[in-house]
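Taken in order, these protein sequences are the chains called A and B. With our numbering applied, the first sequence covers 2 to 113. With our numbering applied, the second sequence covers 4 to 117. Structure record follows, encoded as structure tokens.
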Amino acid sequence: QKEVEQDPGPLSVPEGAIVSLNCTYSNSAFQYFMWYRQYSRKGPELLMYTYSSGNKEDGRFTAQVDKSSKYISLFIRDSQPSDSATYLCAMSVPGSARQLTFGSGTQLTVLP
Amino acid sequence: KAGVTQTPRYLIKTRGQQVTLSCSPISGHRSVSWYQQTPGQGLQFLFEYFSETQRNKGNFPGRFSGRQFSNSRSEMNVSTLELGDSALYLCASSPGTGTQETQYFGPGTRLLVL
Numbered sequence: 002q003k004e005v006e007q008d009p010g011p012l013s014v015p016e017g018a019i020v021s022l023n024c025t026y027s028n029s030a031f032q033y034f035m036w037y038r039q040y041s042r043k044g045p046e047l048l049m050y051t052y053s054s055g056n057k058e059d060g061r062f063t064a065q066v067d068k069s070s071k072y073i074s075l076f077i078r079d080s081q082p083s084d085s086a087t088y089l090c091a092m093s094v095p096g097s098a099r100q101l102t103f104g105s106g107t108q109l110t111v112l113p
Numbered sequence: 004k005a006g007v008t009q010t011p012r013y014l015i016k017t018r019g020q021q022v023t024l025s026c027s028p029i030s031g032h033r034s035v036s037w038y039q040q041t042p043g044q045g046l047q048f049l050f051e052y053f054s055e056t057q058r059n060k061g062n063f064p065g066r067f068s069g070r071q072f073s074n075s076r077s078e079m080n081v082s083t084l085e086l087g088d089s090a091l092y093l094c095a096s097s098p099g100t101g102t103q104e105t106q107y108f109g110p111g112t113r114l115l116v117l
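Structure follows, in structure tokens:
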């Protein structure tokens, strides 16, 4: 069993929809949680970073962490065709900040 | 600021050969991490270098090695290539001194092993 599980999709939604992306993890040592976006033929770029349980909002993006359930989510409001990409969750443990464990990624397509 | 650069962008090799990939971090960043991305296994951590020393290592065989130079540029070497080494190899840079800091990824080198 992988340490981080993520539904690979693909996920297809109409423009303007609310998108929910999720990851579960098994290693309770993970304390730092990130969401990356990867466009085709590009490297991942950081979207959101969270540490504590709860919600963090940045524009149209909201990251949610529930450490008790070992579950993290990313919500995208008013989705745009430019949001079409692969979304990767990533996690790390204290003391190994640069050793990220990634989910497999969810491929999202937002249809105009 | 210029981003992370990786060379070459594409590479074709045959089984048994070796390959060297290069990564130039963002100016001022001293940590360089390498990742392998495949459709089956996703993104997996290979190793991290900081100030010319390997600081962390993932679960990959010894055929995968790396080094870092005094200007923080890093190279990754894969010897005795296998078909399963075909992947996108990504490097990421960060300042390297924080307890938690953003890693900036390069565009990757796509390696095809025939």
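Every residue gets a Cβ at the ideal spot worked out from N, C-alpha and C, and that includes glycine.
Any Cβ of chain B closer than 9 Å to the Cβ of A:S93 would place that residue at the interface, and such an atom is present. According to the DSSP secondary-structure assignment, A:N56 is paired through a beta bridge with A:Q65.
Linking A:R78 to B:E55 through their CA atoms gives a straight-line distance of about 43 Å. Around the beta carbon of A:P11, fewer than 16 other beta carbons lie within 10 angstroms, which makes this residue exposed. Interface flag for B:R70 against chain A is unset, since no Cβ pair is found closer than 9 Å.
Contact of B:A90 with chain A is not assigned, every C-beta pair being separated by 9 Å or more.
Under the Cβ distance rule, B:T10 does not count among the residues neighbouring chain A, no pair being separated by less than 9 Å. When CB distances to chain A are screened at a threshold of 9 Å, the residues of the region 90–108 of chain B falling below it are L91, L93, C94, A95, S97, G99, G101, T102, Q103, E104, T105, Q106, Y107 and F108, in chain order. Put simply, the backbone Cα of A:V66 is about 43 Å away from that of B:R18. Close partners of B:N59 in chain A (Cβ separation under 8 Å): S97, R99 and Q100.
A direct Cα-Cα distance of roughly 30 Å separates A:Q7 from B:L84. Closer than 8 Å at the C-beta level to chain B, one finds these residues of the region 47–72 of chain A: L47, Y50 and Y52. Bounds of the beta strand (DSSP E) holding B:E51 are G45 to F53.
Judged by DSSP in its simplified three-state form, A:L112 adopts strand.
Contact of A:S29 with chain B is not assigned, every C-beta pair being separated by 9 Å or more.
A direct Cα-Cα distance of roughly 42 Å separates B:N59 from A:G17.
Using a Cβ-Cβ cut-off of 9 Å, B:E78 is close to nothing in chain A; its nearest Cβ partner there is about 18 Å away. About 7 Å separates the beta carbons of A:A91 and A:T102, which is inside the 8 Å limit, making them a contact pair. Between A:F103 and chain B, the shortest Cβ-Cβ separation is below 9 Å.
Here B:A90 is near B:Q39, since their CB atoms are less than 9 Å apart.
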